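Note sheet for the following structure.
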Amino acid sequence: MGEKHLVSEQFLDALEFRGLSRRDFLKFCGATSALLGLSELYTPQVASAIEKASKRPPVVWLNFASDSGCTESLIKATYPNAADLVLDILSIDYNETIMAAAGKQAEEVLAKSLKDGRYILIIEGGVPTKKGHGMIAGKEMIDILKDFSGPAAAIIAVGSCATFGGVPSANPNPSQIVGVSEALKKTGVNKAVINLDLCPVNVEYLVGVVVNYLLLGSLPELDSFGRPKMFYGRIIHDNCERRAHFDAGRFVEQFGSKEETMGYCLYKMGCKGPMTSSECPKVRYNDKINWCIGAGAPCIGCAEQGWPDKFARFYERLPGVKIPGFGGIETTADKIGAVAAAATAAGIAIHAVASASSGRTKDKEKEEGK
Amino acid sequence: MARITIDPMTRIEGHLRIDVEIEGGRVKDAWTTGTLFRGFEIILKGRDPRDAWHLTQRICGVCPTSHGHTSSMSMDDAFKVKPPDNGRIIRNIVEGCQFVHSHILWFYHLAALDYVDVVSALKAQPKEASLKKVQEKLKAFVASGQLGPFANGYWGHPAYKLPPDINLLAVAHYLEALEMQAKASHLSALFGGRMPMTMTSPPGGSNHVPTVDDMANYLFRIKELQNWVDNVYIPDVLAVAPYYLDYAGVAKGHANFLSWGVFEDASFDPKKRLLPRGAIFASDFPQLHDAKPEDVTEDVTHSWYKGTQPLNPGVGVTEPEYTGYDPANKYTWAKSPRYKDKPMEVGALARMLVAYLSGQPTAKKLIDDTLAAIGHAGKPQVLLGVIGRIAARALECKMVADAMYGWGVEIIENIKKGKTEVYTPYEIPDKAQGIGLWEAPRGALIRR
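Quick look at the structure:
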């Protein structure tokens, strides 16, 4: 096996000593390669990247206007699981939800991280810009963000609140909450932020980004919303397990109906899949046991900037989407009709490209098989 | 007189500051400060009521399901709609997964670090191979010099009373429990799509149609959790408790208890919920009283809001006005809820005491057996305090996990009889009021 020249026996022994079996380690690396869209041939490289990071990369995880749902996501991780993440892969030096220290002791930990610098700064929650609406240890959250952004090796905003404000920034935004990029702009800091949208963040995206960073020493390619293209490059509707039913004009018209038991399309129940970009259908949630649409729930669009207001009235159908099988546009609405139509057209184009490229992959696999 | 400020208060959800004044080694006065305001009350106004259950889940990422269910129940009430039997049971199951997840997480990952000295575990002399392995892992971790979330704890402080061997066992189970709380959440996702932020409990019931395949998957997974609670969680509580018996009567609080009740019965009678509704007052303990939402008020005298009168949440007002930290005047974003003008304890101990005094058979047996085992048969008052709270959570966790198995069987029976409905359709009236009264693992919720 190729991993031999990239990962030393010594390292694998050391892992075993730390309670992580070789098999589990390589399984983790394989899962991560798959997630990053790399072929299994890259598994040894992922393993090697983790070995080289012999000092576990320090992480400072700050909670601002959040509900700790993304921390909850973090500890629901499977390959690697939460214990692997905490003990073997990362050094989560500051996270108020799980850390032993409190008060002054916690402040000391934070001060040390700031002094040492070069940490991965993970922000959960939006940033209140109204005075006194968000404070930790007597300091405004926005000031804490400013102080900690400078020495950070990378900044990752996890979940819809940290990216663009999320639910607490919904109209009328009582605490004038903004996302991390916007808050940094306000404080005059010019630094790239990786936005991992979704409410809550999918922990596999977070692990993927961190491993990508360890593997390539660089940050993943981002789209115009600061989201990694590898996780937000495709529209949910185009990869949905119920897509064939949409194309055939078969829809669920009422929850719990016979049509639902047949797994028909949820578009008419309000599904925002046609306007939402995320790898949810592939990555799924909670050890891949299920995902929203899989369980019978229309997508609420939580991966997109402007959520939730942009998609408010979650159970009303998106306007302006062409329904196959019935000819023409089903409904037109004044609000976002034009945008929706454009997005869907783009979605269909992307769908075609994706189909073509997956065809190519198959051919390539055939060749390699020979 | 010494004054101590703890900010941030860690291992909780949310942003909290605690100030205490200490005199002669005792707390003389204390102030708790919620340091974040988001304003869900304001955000929800004027929206499609069917969106509310999604939005309110974002109040708490540790117990989103309870917030969502309370919201959907208030809509059920307003729309005059009753979920079909399987819809009711699926909501119970998704809620149950969250309770089991939350109690495991609370005991092992949030509370235990105040009782378990992680570093002392290095001095243990384990005989069992699995414990030796954990100890080696811990040694390597400590030797790395990167203590991560365990950095700067009070390790070695004399208030930690467990011997090294039990500390090591607890560390081993801390790691195991990380896996178990995740498994409990994965189980909610089987029905709810994902956890946190489940997707299938809208007003009217559930939009997940369970299949026989789901149910087989579910029963095997819940059995694993039940076994773990019985064979690890409960024994751990029993192993740790004897070393902290002097905490038994500590922090009794006001000893008034309130539970709205949780886990709906087929009759939809809140007094027949698995954990029923009721109130208990210190003044006539152990008398059980009815609990009525009309008797709740929220006071903002010391909170950063406009207003002077305590108001029932049904007519509550939320107008933020930050005026700086002033312990003599206004110092927090939290409102002060009162029941009949009294501060009430809510959460597992409140629910288990109400269940016990209601004669709920499972709760009665669990608590009677526990009281007998510690030589206090028939005296539930010994449960008031720190140790009682820890015990109540563990017993409730067992009670819920066991009930969850039964609910799975009920769904299968319903499917057998052809009763497969999960959702009742409804018309949304132009004007309506509704109320949801329910429980999160950490206590009572009202939504209207």
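In the order they appear, the protein sequences are chains A and B. Residue numbers for the first sequence follow our numbering, beginning at 1 and rising by one. Residue numbers for the second sequence follow our numbering, beginning at 371 and rising by one. By construction, the Cβ of each residue, glycine as well, lies at the ideal position given by its N, Cα and C atoms. What you are looking at is a predicted structure, and each value in this text was computed from that prediction instead of being measured.
1. What is the DSSP secondary structure of Ala810(B), counted as helix, strand or coil?
2. From Val283(A), Ala295(A) and Cys161(A), pick the residue whose C-alpha is nearest to that of Arg234(A); which is it?
3. Residues bridged to Met135(A) by DSSP?
4. Note down, in chain order, every chain B residue with its Cβ under 7 Å from the Cβ of Val109(A).
5. Please name the residues in the stretch 306-322 of chain A whose beta-carbon is closer than 7 Å to at least one beta-carbon of chain B, in chain order.
6. Give me the residue from Ser653(B), Gly384(B) and Gly648(B) with the minimum Cα distance to Pro663(B).
7. Does any CB atom of chain B fall closer than 8 Å to the CB of Met230(A)?
8. Suppose contacts are defined by Cβ-Cβ distances below 8 Å. Is Tyr617(B) in contact with Gly755(B) by that definition?
9. Cβ of Gly518(B) less than 8 Å from any chain A Cβ?
10. For Trp307(A), which residues of its own chain have a beta-carbon under 6 Å away from its beta-carbon, when the five flanking residues on both sides are left out?
11. Does the beta carbon of Phe449(B) come closer than 8 Å to any beta carbon on chain A?
12. Determine which residues share a DSSP beta bridge with Trp61(A) and list them.
13. Between Pro174(A) and Ile592(B), is the Cβ-Cβ spacing less than 8 Å?
14. Which value, in whole angstroms, describes the spacing of the CA atoms of Leu628(B) and Pro707(B)?
15. Which residue wins for smallest C-alpha separation from Glu279(A), given the options Ala297(A), Glu253(A), Leu215(A) and Asp238(A)?
16. In three-state DSSP terms, what is Asp669(B)?
17. Sorry if obvious, but does the Cβ on Met774(B) come closer than 7 Å to a heavy atom of the ligand HEM?
18. Would you decide whether Phe590(B) is buried or exposed? Buried here means 16 or more other CB atoms lie within 10 Å of its CB.
19. Report the residues of the stretch 540-556 of chain B with a CB closer than 9 Å to any CB of chain A, ordered along the chain.
20. Sort Ala499(B), Cys433(B) and Ile650(B) by Cα distance to Lys712(B) and report the nearest one.
21. Ends of the beta strand (DSSP E) at Arg373(B)?
22. Round the Cβ separation of Glu316(A) and Lys310(A) to the nearest angstrom and send it over; I've been treating them as touching at under 8 Å.
23. Taking the beta strand (DSSP E) that Ala170(A) belongs to, which residues open and close that run?
24. So with Cβ pairs under 8 Å, would you call Pro168(A) a contact of chain B?
25. Just checking: is the beta-carbon of Glu383(B) within a distance shorter than 8 Å of some beta-carbon in chain A?
26. So what does Trp476(B) bridge to, in DSSP terms?
27. According to DSSP, simplified to helix, strand and coil, what is Leu727(B)?
28. By the three-class DSSP mapping on this structure, what secondary structure does Met379(B) have?
29. Which residues of chain B have a Cβ atom closer than 7 Å to the Cβ of His245(A), listed in chain order?
30. If you measure beta-carbon to beta-carbon, which residues of the stretch 275-293 of chain A are closer than 7 Å to chain B?
31. Quick check: Ser73(A) and Asn195(A), are their CB atoms within less than 8 Å of each other?
32. Under a Cβ-count criterion, where at least 16 other Cβ atoms within 10 Å of its own Cβ denotes burial, should Phe638(B) be classed as buried or exposed?
33. To the nearest angstrom, how far is the alpha carbon of Ile536(B) from that of Ala491(B)?
34. In whole angstroms, what separates the C-alpha of Pro496(B) from that of Lys502(B)?
35. Output needed for Glu715(B): all residues of its chain with C-beta closer than 6 Å, excluding positions within five of it in sequence on either side, in chain order.
36. Do Tyr793(B) and Gly575(B) count as a contact pair if the criterion is CB distance below 8 Å?
This is what the structure holds:
1. Correct three-state label for Ala810(B): strand.
2. Cα-wise, what sits closest to Arg234(A) is Val283(A).
3. DSSP lists Glu140(A) as the beta-bridge partner residues of Met135(A).
4. Here the neighbours are Ala521 and Asn522.
5. Under the 7 Å Cβ criterion, the stretch 306-322 of chain A contributes Pro308, Ala312, Arg313, Phe314 and Tyr315.
6. Nearest option by C-alpha distance: Gly648(B).
7. Proximity of Met230(A) to chain B, defined by a Cβ-Cβ separation below 8 Å, is not satisfied.
8. The Cβ atoms of Tyr617(B) and Gly755(B) lie closer than 8 Å to each other.
9. Yes, because at least one Cβ of chain A sits closer than 8 Å to the Cβ of Gly518(B).
10. Ser160 and Gly301.
11. The Cβ of Phe449(B) sits no closer than 8 Å to any Cβ of chain A.
12. Note: Trp61(A) sits in a beta bridge opposite Ile122(A).
13. Ile592(B) sits away from Pro174(A), with the two beta carbons spaced by 8 Å or more.
14. Going by C-alpha positions, Leu628(B) is about 12 Å away from Pro707(B).
15. Ranking Ala297(A), Glu253(A), Leu215(A) and Asp238(A) by CA distance to the CA of Glu279(A) puts Asp238(A) first.
16. DSSP places Asp669(B) in strand when its eight states are reduced to three.
17. With respect to the ligand HEM, the structure offers nothing, as it holds no ligand at all.
18. It counts as exposed.
19. Within the stretch 540-556 of chain B, the residues whose Cβ lies closer than 9 Å to some Cβ of chain A are Tyr544, Leu545, Glu546, Leu548, Glu549, Gln551, Ala552, Lys553, Ser555 and His556, listed in chain order.
20. Checking every option, the nearest Cα to that of Lys712(B) belongs to Ile650(B).
21. Segment Ala372 to Ile376, the beta strand (DSSP E) holding Arg373(B).
22. Between the beta-carbon of Glu316(A) and that of Lys310(A) there is about 13 Å, and that puts the pair past the 8 Å contact cut.
23. Counting along the chain, Ala170(A) falls outside any beta strand (DSSP E), and DSSP gives it neither H nor E.
24. Chain B contact via Cβ: present.
25. Yes - at least one Cβ of chain A is within 8 Å of the one on Glu383(B).
26. Bridge partners of Trp476(B): none, in fact.
27. Looking at Leu727(B) - three-state DSSP - the assignment turns out to be helix.
28. Here Met379(B) sits in coil by DSSP.
29. The contacting residues do not exist; His245(A) stays about 15 Å from chain B at best.
30. Answer in chain order: Tyr285, Asn286, Asp287, Ile289, Asn290, Trp291 and Cys292.
31. Their beta carbons are not under 8 Å apart, which means Ser73(A) does not touch Asn195(A) by this criterion.
32. Residue environment analysis places Phe638(B) among the exposed positions, since fewer than 16 neighbouring C-beta atoms fall within 10 angstroms of its C-beta.
33. Approximately 8 Å, taken between the alpha carbons.
34. Straight-line measurement puts the Cα of Lys502(B) at about 6 Å from the Cα of Pro496(B).
35. These residues qualify, in order along the chain: Gly623 and Phe627.
36. It is a contact, given that the beta carbons lie within the stated cut-off.
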